[in-house]
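Colleague: The numbering of the sequence shown is the working numbering, which starts it at 3 and goes up by one.
Where is the CB? At the ideal position from N, CA and C, for every residue including glycine.
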Amino acid sequence: MDTYFATYSLNIVALLFLLGLLINNNILNDHRKKPFIYGIVLTILVIFSEAGTILCSDGNIGLRGLNILFNVLGFALTPVIPIVLLAIFDGISLKKHLYLLLPTVLNIVAVVLSPLFGLIFYVDISNHYERGSIFALFVAVYIINIIILVIGTLRMCRKFLYPIKSKIIALSLFTVAGTCIQLLVPSVYTSWHCVTLSLFLYYILLSEFDGSFDTLTNLYNRAAFENAVKKLKGRKMFCIVVMDIDDFKKLNDTFGHDYGDIVLKRVAEIIQNSFDNECTCYRIGGDEFCIVCRDAKRKTVEKQLKCLTDNLTRERANDRRLPTVAYGYSFFQSGKNSDFLKQLKEADDQMYRFKQLRKNNSLPTDIQPGDQ
């Protein structure tokens with residue numbers, strides 16, 4: 003028993019340490035911190051509950067009430083943890099689809115009724131614990147919620163085109179496997195060691211995820227761009243688009259930096275909405291953006307660039323202070339030697355040639371490189 007309490011204590015200390023890291027983390031978005039804190043606190047409560055059941059289940063009849071209370075807390079709160087963690091990534095969808103909470107609510111009702119009817123668990127008059135007649139319901143709800151967590155997280159990763167799929171699947175399998183060991187062999191207390199480790203790994207993944215985004219525009223940042231460039235080696239085809247905002251310094255000087263930030267956000271949103279899921283958008287400098295398109299069909303890319311021009315033109319009709327955007331692009335086709343820096347320079351040169359033509363009034367503001 004001393005061994006169990008020593009490991010439980012280590013888990014709780016580790017989780018309190020994680021809580022401190024989380025509160026002082028400047029990378030993780032604030033809207034993620036709150037549900038993550040709830041998840042850590044719930045995990046600590048469940049560990050306390052499991053330790054309490056071990057302490058109170060020694061046959062001492064006087065501790066039967068506490069034993070029942072600890073079991074109720076443990077079985078009721080455990081399936082809630084994956085749902086709370088889902089709120090870290092996708093709280094909005096969770097609010098829209100409240101039916102996802104039905105299995106959790108059903109489990110809580112069954113757990114609360116268990117002391118009377120022995121549904122999920124039963125503690126007899128001699129203070130001995132037994133699994134209830136529908137203990138499988140608790141197992142099913144926990145696994146369902148883990149699956150909901152995985153699907154929700156992967157959905158958000160696909161939305162932001164973040165390469166985290168394999169890591170999330172591996173982490174989820176690790177958690178489920180560790181939990182199932184204890185479910186199959188109740189005397190082996192592995193569940194909360196795995197959950198504690200999973201929370202630490204989840205924290206690392208989330209920090210990596212949020213650390214890849216520009217805080218102002220919510221596009222990927224320069225570090226994410228440089229990481230993506232390394233992964234382009236060996237691709238059969240792709241397209242690089244570079245762009246920047248015309249006369250952005252003049253705009254800042256005229257209307258102030260607050261309006262400059264508004265412009266960056268609006269332009270970033272237009273860029274994001276103009277390209278499909280085969281393209282990833284980055285803010286690589288002050289007013290500089292880059293788009294990496296994995297579908298390198300010229301017709302497809304130019305259609306999306308035309309969409310960008312049209313969307314910006316509509317926005318400028320409502321606010322003439324909005325500047326124009328110039329861009330250039332370069333395609334890599336299979337059969338050539340991949341030289342990213344050369345392609346980036348080609349796209350950059352095209353963009354600056356176009357900017358010079360526009361500055362010399364050789365082109366109207368609504369014409370883009372593909373129209374020359």
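I believe SER209 touches ILE90 by the beta-carbon criterion, under 8 angstroms. Please report the beta-carbon distance rounded to the nearest angstrom.
Modeller: Sequence index remark: in the sequence shown, residue 209 carries index 207 (1-based). Sequence index remark: in the sequence shown, residue 90 carries index 88 (1-based). Going by Cβ atoms, the distance from SER209 to ILE90 rounds to 12 angstroms, so no, they are not a contact pair.
Colleague: Per DSSP, what kind of secondary structure is MET245 in: helix, strand or coil?
Modeller: Here residue 245 refers to the residue found at position 243 when the sequence shown is read from its first residue. Three-state DSSP puts MET245 in a strand.
Colleague: When the Cα atoms are used, what is the spatial distance from PHE202 to ILE170?
Modeller: Residue mapping note: residue 202 aligns to position 200 of the sequence shown, counting from 1. Residue mapping note: residue 170 aligns to position 168 of the sequence shown, counting from 1. Approximately 13 angstroms between the Cα atoms of the pair.
Colleague: Applying the 10 Å Cβ sphere with the 16-neighbour rule, what's the burial state of GLN358?
Modeller: As a position in the sequence shown, residue 358 is number 356, starting the count at 1. Exposed, since its Cβ has fewer than 16 Cβ neighbours within 10 Å.
Colleague: Using a 10 Å radius around the Cβ and a threshold of 16 neighbouring Cβ atoms, would you call ALA53 buried or exposed?
Modeller: Within the sequence shown, the letter at position 51 stands for residue 53. Buried, since its Cβ has 16 or more Cβ neighbours within 10 Å.
Colleague: Going residue by residue through the stretch 88-139, where are the continuous alpha helix (DSSP H) segments of at least 4 residues, counting only ones entirely within it?
Modeller: 104-119, all fully within the stretch 88-139.
Colleague: Would the stretch 175-187 count as touching the stretch 101-119 if we require 3 or more Cβ pairs under 8 angstroms?
Modeller: No, they do not touch.
Colleague: Measuring only between beta-carbons, confirm whether LEU96 sits less than 8 angstroms from chain D.
Modeller: Absent from the structure: chain D. Only one protein chain is present.
Colleague: Could you check what DSSP says for GLU280 in three-state terms: helix, strand or coil?
Modeller: Residue 280 sits at position 278 when you count from the first residue of the sequence shown. In this structure, GLU280 counts as coil in the three-state DSSP scheme.
Colleague: In chain order, what residues of the same chain lie with their CB nearer than 7 angstroms to the CB of LEU65, ignoring the 5 residues before and after it?
Modeller: Taking the first residue of the sequence shown as position 1, residue 65 is located at position 63. The residues are CYS58 and ASN129.
Colleague: Could you say which of GLY288, ILE39, LEU79 and MET245 lies nearest to LEU307 if we only look at CA atoms?
Modeller: For this step, residue 307 is matched to residue 305 along the sequence shown. That would be MET245, whose Cα lies nearest to the Cα of LEU307.
Colleague: Would you be able to state if there are at least three C-beta pairs under 8 angstroms between the stretch 245-254 and the stretch 339-348?
Modeller: The stretch 339-348, when compared against the stretch 245-254, does not touch it at the 8 angstroms Cβ threshold.
Colleague: Do GLY41 and VAL74 count as a contact pair if the criterion is CB distance below 8 angstroms?
Modeller: Position 72 of the sequence shown holds residue 74. Position 39 of the sequence shown holds residue 41. No; because the gap between Cβ atoms is not below 8 angstroms, this pair is not in contact.
Colleague: Check this for me: beta carbons of LEU266 and LEU310, under 8 angstroms apart or not?
Modeller: By 1-based counting over the sequence shown, the position of residue 266 is 264. By 1-based counting over the sequence shown, the position of residue 310 is 308. Not a contact, by the Cβ cut-off of 8 angstroms.
Colleague: Only counting the same chain, and skipping five residues up and downstream in sequence, which positions put a Cβ closer than 8 angstroms to that of GLU317?
Modeller: In the sequence shown, counting from the first residue as 1, residue 317 sits at position 315. Excluding residues within five positions, the ones whose Cβ falls inside 8 angstroms are ARG268, ILE272 and LEU324.
Colleague: Helix, strand or coil: how does DSSP classify ALA298 here?
Modeller: As a position in the sequence shown, residue 298 is number 296, starting the count at 1. Reduced to three states, the DSSP call for ALA298 is coil.
Colleague: What are the start and end residues of the beta strand (DSSP E) that includes GLY330?
Modeller: Numbered from 1 along the sequence shown, position 328 holds the residue referred to as residue 330. From DSSP, the beta strand (DSSP E) with GLY330 extends over 327-334.
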